[in-house]
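Heads up, the sequence shown is in my numbering, so the first residue is 12 and it goes up one at a time.
By construction, the Cβ of each residue, glycine as well, lies at the ideal position given by its N, Cα and C atoms.
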Amino acid sequence: PQIGAVKPLSVGFEIRADNTPSKPATMKLSPSVDACDREAGEPLDLQGVVPGLLPNEISSNAVDVCRAAVKAYPDVARFRYQLGRALLVAGKVDEAKKAIQEAADMGHVRAVFELGYLNATGTGMPVNRKQANTFYAAASDKGDPYGMTSWGRALFNGYGVDRDATKGLDLLLKAAAMGHTYAMNDLAAIFTEGRNGVPADPARAVAFLKAGVERQDMYSMNLLGRNYLAGTGVEKDPKSALELFQKSMDLGQPYAPGSLARMYRDGVGVQQDLAEAQRLFEVATDRGDQSAAYDRAALELQRGDKADQPLAVRYLAFAAALDLRNELPNAKATLAKFGTKAKTAALKKLRGELKSKIAANGSMDDQLIKVARAVWEQANPRRDLF
């Protein structure tokens, strides 16, 4: 019978012992999904038994049911990994790391990938790209689509490893063929712009994004919206862009509020509304969008003499703190131009938002960035929570 079938299936068989007459027996089978699988199973987990949930879909009940599953089935590595997922969402990072490590040691492949993710993002530990790549490569070698995507991305772009664009592209294509929408989004970015020897093919990029949207991927929605806004690979269609950005934001995507904010800021496809743009940039910053934080600071500075200098400093600190790949060097450069008075006020307010004290040494700018990162992590223990 199928897992979760309402009616049990009766299976008949015979028992024989030497030359004695056989005896008939009947067994009723009604397999069910454990609550831990329902509450914290992950999509495309090759060792999983359910379609799975994204991090933002994991409920507060998941920790308790997964603890129960681990206790009942201590030899099932999957339950330990899913407990780790639930603990991460609950903000219990140290406990999560322990559960994930145990699952990886017991042979759960997705847990190996997750260890790479923790190292890559500095979740509960210092950022270590080299160590992250070791885990990503191991998961990729075992056929995990998440591992293929992250290792392929690292190879294609040369993130912490010598660039091998051919192998990286091949892994991304394989992961996309397995249904991993993050790989589809990476491929869309590559074919939209043309990178590392791969010629631009905007129409192919749009095809990948539409495939992601069909699978209800909120990142694909945001990216396809940008294509409609710019007319890249499709005809310009601000209305469709607006609808995709809104749906993506409603699903919790971190960068979609910033995409919407820029439409309101510039009056593209909508009536210009700077107050709404300001609000949306702040929502995006709360979700971890470094570019939105930078744009929020810039919007404040446009007010000239009426600008709230400490507020601008605050958002520049968030922009630099969230920019793990140093894609916004202007954030630090702009922050450095502010006076001590504004920086001191911003730092005092940020420290006041922390529930626990942290040691932040160095220049005033370094302290601002470190404390801003701590404030964000306090509310968002993992970057992909959305």
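Original post:
Is the shortest distance between the beta-carbon of P54 and the beta-carbons of chain B less than 8 Å?
Top reply: Structure shown: chain B not included; a single protein chain is present.
**OP:** Could you check if A188 is buried or exposed, using at least 16 other CB atoms within 10 Å of its CB as the buried criterion?
**Re:** exposed
Original post:
Is the beta carbon of G171 sitting closer than 8 Å to the one on N144?
Top reply: yes
Subject >> Straight-line Cα distance separating L253 from G278 >> reply: Whole-angstrom Cα-Cα distance: 12 Å.
**OP:** Answer with buried or exposed for D155, where buried requires no fewer than 16 other C-beta atoms within 10 angstroms of its C-beta.
**Re:** buried
Original post:
Using the rule of at least 16 other Cβ atoms within 10 Å of the residue's Cβ for burial, across every protein chain shown, is K108 buried or exposed?
Top reply: buried
Subject >> For T203 and T243, believed in contact at Cβ under 8 Å, the rounded distance >> reply: 6 Å
Subject >> Host beta strand (DSSP E) of S21 (start-end) >> reply: Run containing S21: L20 to I26, per the beta strand (DSSP E) assignment.
Subject >> beta strand (DSSP E) segment containing T37, residue limits >> reply: K34 to L40
Original post:
If you compare alpha carbons, which of M159, M136 and G135 is closest to F146?
Top reply: M159
**OP:** Output yes or no for whether 8 Å exceeds the beta carbon distance between S270 and R237.
**Re:** yes
Original post:
Roughly how many angstroms separate the alpha carbons of N72 and P85, rounded to a whole number?
Top reply: 20 Å
Original post:
Terminal residues of the continuous alpha helix (DSSP H) containing N30?
Top reply: Taken as a continuous stretch (DSSP letters only), N30 belongs to no alpha helix (DSSP H), as it is neither H nor E.
Original post:
When you compare only the Cα positions, how much space is there between S215 and L198?
Top reply: The question names Ser, yet the displayed sequence has Arg at residue 215. If you take the alpha carbons of R215 and L198, they lie about 9 Å apart.
Original post:
What are the start and end residues of the alpha helix (DSSP H) that includes M159?
Top reply: Counting along the chain, the alpha helix (DSSP H) containing M159 begins and ends at P156 to N168.
**OP:** With distances taken Cα to Cα, identify the nearest neighbour of E68 among A241, M232, R89 and P54.
**Re:** P54
Original post:
With a CB to CB cut of under 6 Å and the five nearest residues on each side skipped, what residues in its chain are close to F219?
Top reply: M195, L198 and A199
Original post:
For V81, which residues of its own chain have a beta-carbon under 6 Å away from its beta-carbon, when the five flanking residues on both sides are left out?
Top reply: F90, R91 and L94
Original post:
Does the separation of the CB atoms of A304 and A330 fall below 8 Å?
Top reply: yes
Original post:
Do the segment 355 to 362 and the segment 312 to 327 make contact, defined as three or more Cβ pairs closer than 8 Å?
Top reply: yes
**OP:** Please report how far the alpha carbon of E106 lies from the alpha carbon of L361, in whole angstroms.
**Re:** 27 Å
**OP:** Check each candidate in A370, G373, K352 and A383 and name the one with the smallest Cα separation from E364.
**Re:** A383
Subject >> Ordered list of alpha helix (DSSP H) runs contained in the segment 76 to 138, each at least 4 residues >> reply: As far as the segment 76 to 138 is concerned, its whole alpha helix (DSSP H) runs of at least 4 residues are 88 to 100, 104 to 116 and 120 to 132.
**OP:** Kindly give me the distance between the Cβ atoms of G263 and M229, rounded to whole angstroms, as I take these residues to be in contact under 8 Å.
**Re:** 7 Å
Original post:
Which residue's Cα is closest to the Cα of A46: V60, T37 and A36?
Top reply: V60
Subject >> Beta-carbon separation (whole angstroms), V120 vs Q58, contact threshold 8 Å >> reply: 6 Å
Subject >> heavy atom of the ligand PLP below 7 Å from Q389 C-beta >> reply: Ligands displayed in this structure: none; no statement on the ligand PLP is therefore possible.
Original post:
When the distance is taken between beta carbons, is A371 closer than 8 Å to K381?
Top reply: yes
Original post:
My guess is that D21 and K39 are in contact by the Cβ rule of under 8 Å, so how many angstroms apart are they, rounded?
Top reply: According to the sequence as given, residue 21 is Ser; it is not Asp. Indeed they touch by this definition, with Cβ atoms about 5 Å apart.
**OP:** Could you have a look at L339 and say whether DSSP puts it in helix, strand or coil?
**Re:** coil
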